[in-house]
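Anchor point for the sequence shown: position 253 equals 1598 in this note's numbering, and the numbering is continuous, going up by one each time.
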Amino acid sequence: MELPPGPRSPAVWQTLAWMTRPGAFLRRVHARFGDPATIRTYWTEEPMVLFSSPDSVRAVFRLDPAIAPAGQSWEFLRPFAGPHSILLLDGDEHIRERRLMQAPFHGERMRAFAPMIAELARRELATWSGRVVALERMRELTLDIILRVVFGARDDELTHMHDVIEESLATVRSLPWVLAMAVVRKDLGPRSPWGRFRTAVERFDIEMYALLARRRAEAALPGAGEGGSMLALLLEARDERGNPPSDRHLRDQLVALLVGGHDSSAAALAWAFELLARRPAVQERLRDDDPAYLDAVVKEVLRARPALTIAPRLLLEPTSIAGRTIPAGVQVAACLWLACRREDLWPAASEFRPERWLEGPAPNPLSWIPFGGGVRRCAGAPFAEMEMREVLRAAAGLTLRPARPEPEHARRSMLVLTPNRGGEVLVG
Ligand code: HEM
């Protein structure tokens, strides 16, 4: 059984293009080979078939997890994510975990976090002047938000936890290290890429378990559980036999939320600043504080620069996807980047036009898939959109200009695509 066509260049070149110029690489692959197309990178052990038309995207999202588990595509995260991580589970276990994790990210509970996010954003943006690298600032801000909302971190804990987490993530964000980890998949001692990663995870775990011990002790006090953090709710959860979650389980849940919600939101916001700095008219309209326009800007940022490029599943059996039989043992992926940016799916796709969300026909929901879809659609999507709205509303008072004339292109940083210079803007 043949795989759909794709580039013939060696995997090492495809990996380099995938890491350093992912947007251009995906555009070229699509222009040359159409949909579907097969790429080979060190990112996954198996070749990966990319789908981006609405029909095939729907088919990928509807694949039965028993024959197309998503968890196995994130296997490389296991040393950090842990065995209980929602990212690695499939089937009933995955659904159970999702129910536990999703509740606080919806409705009233989620909206209750908005004033705190707005305040943190205002404090951060008040320090902006001159040249600012938006990605660096947004990583700080989204980490603060996650630490407070999810971990229930207090002022006295924040700085220390912040540093430990940033240190662990820095190892896996650096491009040379990620490339080295992808090529050499073994731990070759403390100075090797995997060795450094393991040490960082161990340091991170010590912090996590200390935090859990503090929160458990507090949960036993009268009046506990009123803090409203995600962790406070997870601590109260019980399994079918009435047992509380183990520390290991809680730690893995927290890491999934951290991995899912920190870099992705920071990348999306860095793109927002990169795009807005080049569009004074959009900045001007944002100053009117029209909620519909603000929402349109958020949706358009996520469309024009989806922070995650793929939603992959590993095929365990030969399967027909949109009329094409794909053999077992390959990764099939809804290509979020292409679906959101294909010229034949979006009028003037390469233009950043928030107005498209306010005028004309509603876009096809199977083409606007920055949060993936199906049973694995981003558990934090409503939260992420709310966070972006609050930060951009707080930024409306700033005057932004691009630091350089040429727009920034996408590069890969761990799982997400970021502006290659980090979204360099001039403020004031
Ligand atoms: C703009 C920001 C974000 C983007 C673009 C994004 C995107 C995504 C995507 C594409 C997936 C995978 C979907 C799939 O495989 O089909 C995902 C999964 C996930 N995201 Fe997000 N995400 C964002 C923010 C967040 C936030 C703020 C949180 C939580 C605090 C979060 C938590 C998760 C979790 C837990 C999963 C795993 C869901 C599962 O496997 O069932 N994400 N996200």
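Quick reminder that beta carbons are idealized off the backbone N, C-alpha and C, glycines included.
Would you call the segment 1743 to 1751 and the segment 1615 to 1625 touching, i.e. three or more CB-CB distances under 8 Å? yes
Exposure label - T1383; buried when at least 16 CB within 10 Å
buried
Buried versus exposed call for S1513 [16 or more other C-beta atoms within 10 Å across all chains shown]: buried
Looking only at DSSP bridge pairs, what is S1758 linked to?
-> V1761
Just mark P1590 as buried or exposed, buried being the case when its beta carbon has 16 or more other beta carbons within 10 Å. buried
Problem set entry | The alpha helix (DSSP H) enclosing L1745, as first and last residue numbers | No alpha helix (DSSP H) holds L1745; the beta strand (DSSP E) holding it covers L1745 to P1747.
Have a look at L1614, P1349, V1720 and M1346 and flag the residue whose alpha-carbon is nearest the alpha-carbon of G1436. V1720
- For L1422, collect the residues of the same chain with a Cβ closer than 8 Å to its Cβ; drop the 5 residues on either side in sequence, then sort them by chain order. S1430, L1432, L1433 and V1604
query: How is I1462 classed by DSSP in three states: helix, strand or coil?
result: helix
What do you get for P1460, buried or exposed, if any count of 16 or more other CB atoms within 10 angstroms of its CB means buried?
exposed
What's the gap between the Cα of W1702 and the Cα of R1722? 21 Å
| request: Leaving out five residues on either side along the sequence, give the residues of the same chain with a beta carbon under 8 Å from the beta carbon of L1465. | output: L1486, D1489, I1490 and R1493
For the pair the segment 1444 to 1455 and the segment 1703 to 1714, tell me if three or more CB-CB distances fall below 8 Å. no
| said: Using a Cβ-based criterion (distance less than 7 Å to any ligand heavy atom), does L1639 qualify as near the ligand HEM? | reply: no
With the cut-off set at 8 Å, would you say D1608 and L1503 are in Cβ contact?
no
- Near E1469, what residues of its chain come up, given a Cβ to Cβ distance below 6 Å and the 5 sequence neighbours on each side ignored? L1486
According to DSSP, simplified to helix, strand and coil, what is C1685?
helix
**Asked** Applying the criterion that 16 or more other CB atoms from any shown protein chain within 10 Å of the CB defines a buried residue, is I1551 buried or exposed?
**Response** exposed
>> Taking the straight line between their C-alpha atoms, what separation do you get for F1728 and W1358?
In response: 37 Å
Original post:
In the DSSP assignment, what residue or residues form a beta bridge with A1582?
Top reply: Answer by DSSP bridge pairing: none, since A1582 is not bridged.
request  = Specify whether the segment 1762 to 1771 and the segment 1469 to 1479 touch according to this definition: at least 3 beta carbon pairs, one from each stretch, less than 8 Å apart.
outcome  = yes
So T1360 is in the alpha helix (DSSP H); what residue range does that whole segment cover?
-> A1356 to T1365
For this session: Use the C-beta contact count for V1439: other C-beta atoms within 10 angstroms, 16 or more gives buried, fewer gives exposed.
Result: Per the sequence presented here, residue 1439 reads as His, with Val not at that position. Classification for H1439: buried.
Please identify the residue among L1579, G1587, G1606 and E1585 whose C-alpha is closest to the C-alpha of R1593. L1579
Coil, strand or helix - M1346 by DSSP
coil
Excluding the five sequence neighbours on either side, which residues of its own chain have a C-beta within less than 7 Å of the C-beta of F1549, listed in chain order? V1509, I1510 and S1513
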